[in-house]
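Here is the structure we will look at, set down as structure tokens.
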Amino acid sequence: MQIFKNGVLFISLIVTTFTAQTIFAKEAPLELKKACLKNNPLAIGDTDPELIDLYSQICDKKKYKNQEMITQLSIQIAQKYQTLGQNLKALQLVDSLRKRNIDSQEMTDITFLASIAISQNALNQMRTTELRALTETTYVPAKQLTETIRFAQPTVENYSMKKAENANKPKIFNRSTAKNSDFKKIKNTSMVKASGQKSSKPSKTTVSKDHVIAKTTSSSSASPFDTLNKK
Numbered sequence: 001m002q003i004f005k006n007g008v009l010f011i012s013l014i015v016t017t018f019t020a021q022t023i024f025a026k027e028a029p030l031e032l033k034k035a036c037l038k039n040n041p042l043a044i045g046d047t048d049p050e051l052i053d054l055y056s057q058i059c060d061k062k063k064y065k066n067q068e069m070i071t072q073l074s075i076q077i078a079q080k081y082q083t084l085g086q087n088l089k090a091l092q093l094v095d096s097l098r099k100r101n102i103d104s105q106e107m108t109d110i111t112f113l114a115s116i117a118i119s120q121n122a123l124n125q126m127r128t129t130e131l132r133a134l135t136e137t138t139y140v141p142a143k144q145l146t147e148t149i150r151f152a153q154p155t156v157e158n159y160s161m162k163k164a165e166n167a168n169k170p171k172i173f174n175r176s177t178a179k180n181s182d183f184k185k186i187k188n189t190s191m192v193k194a195s196g197q198k199s200s201k202p203s204k205t206t207v208s209k210d211h212v213i214a215k216t217t218s219s220s221s222a223s224p225f226d227t228l229n230k231k
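Mapping of the sequence shown onto UniProt numbering: residues 1 to 231, in sequence order.
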């Protein structure tokens with residue numbers, strides 16, 4: 001009986017140890033190798049599983065020769081930094097890629113979004129913590145940026161925004177315009193009535209001067225021997 005109890009305790013101890021190791025393995029943060037951190041110092045302190053997985057792929061010795069894949073992985077890491085709010089790291093990684101003469105539209109978007117986020121944070125710092133407005137030095141480039149963004153916005157979005165703005169604008173009733181339009185309608189109606197009354201009167205027959213001259217000419221052109229011929 002004592003042996004049976006000892007066996008049960010031993011089995012339960014093994015199960016508990018195995019369960020604890022499994023839980024610890026799940027909760028333990030993923031870490032990169034020291035050699036990988038040495039070649040990628042931006043990864044120091046990162047705990048996001050997706051970032052660590054991307055860095056692990058870059059540090060894989062089998063992919064050293066595939067520079068195109070390493071470049072794509074680096075761009076994905078920069079995008080992940082930007083979405084996580086680590087904008088300075090995103091800009092540093094993009095800058096390191098450009099120093100290697102690598103450029104792409106994705107890198108331009110990352111630079112734009114990260115810079116906008118940094119500027120927005122600085123502006124919030126001014127407005128909420130420091131309780132001040134932009135100075136002449138900071139307002140000029142900010143205004144230039146907003147104007148450039150306005151000219152660079154998509155055409156379809158620009159049309160939809162204008163359509164929405166026009167729909168939200170209240171309709172203004174102009175009394176002077178309404179009076180002028182009413183006056184024109186009344187004037188046109190009276191002119192039509194007046195013309196109708198004039199057309200109902202009998203028209204006078206006028207004899208033109210040319211007609212009279214033609215008549216006298218035709219009568220004077222008769223031959224003087226016509227009376228003799230009648231006799």
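We treat Cβ as the ideally placed atom computed from N, Cα and C, and that holds for glycine.
{"query": "L32, DSSP secondary structure in three states", "result": "coil"}
{"query": "Burial state of D109 (16 or more Cβ within 10 Å)", "result": "exposed"}
{"query": "Outcome for V94 when other beta-carbon atoms lying within 10 angstroms are tallied against a minimum of 16", "result": "buried"}
{"query": "DSSP-derived helix/strand/coil call for D60", "result": "coil"}
{"query": "Status (buried if at least 16 other CB within 10 Å, exposed otherwise) for I58", "result": "buried"}
{"query": "Three-state secondary structure (DSSP) of I44", "result": "coil"}
{"query": "Residue closest to P49, alpha-carbon to alpha-carbon, out of K38, L42, N66 and L30", "result": "L30"}
{"query": "Three CB pairs or more closer than 8 Å across the segment 100-108 and the segment 74-92", "result": "yes"}
{"query": "Proximity of L91 and A117 at Cβ, strictly below 7 Å", "result": "no"}
{"query": "Classification of Q125 by the beta-carbon crowding that lies within 10 angstroms, buried from 16 upward", "result": "exposed"}
{"query": "Euclidean distance between Cα positions of D60 and T128", "result": "46 Å"}
{"query": "Buried or exposed (CB count within 10 angstroms, at least 16 for buried), N87", "result": "buried"}
{"query": "Every unbroken alpha helix (DSSP H) inside the segment 53-129 [4 residues or more]", "result": "67-83, 87-99 and 105-124"}
{"query": "Element boundaries [alpha helix (DSSP H), containing Q144]", "result": "E136 to A152"}
{"query": "Alpha carbon of E106 to alpha carbon of Q144, nearest angstrom", "result": "23 Å"}
{"query": "Whole-number beta carbon distance between C36 and residue 232, since they are thought to touch under 8 Å", "result": "This structure gives no information on residue 232, because the portion of the chain shown stretches from 1 to 231."}
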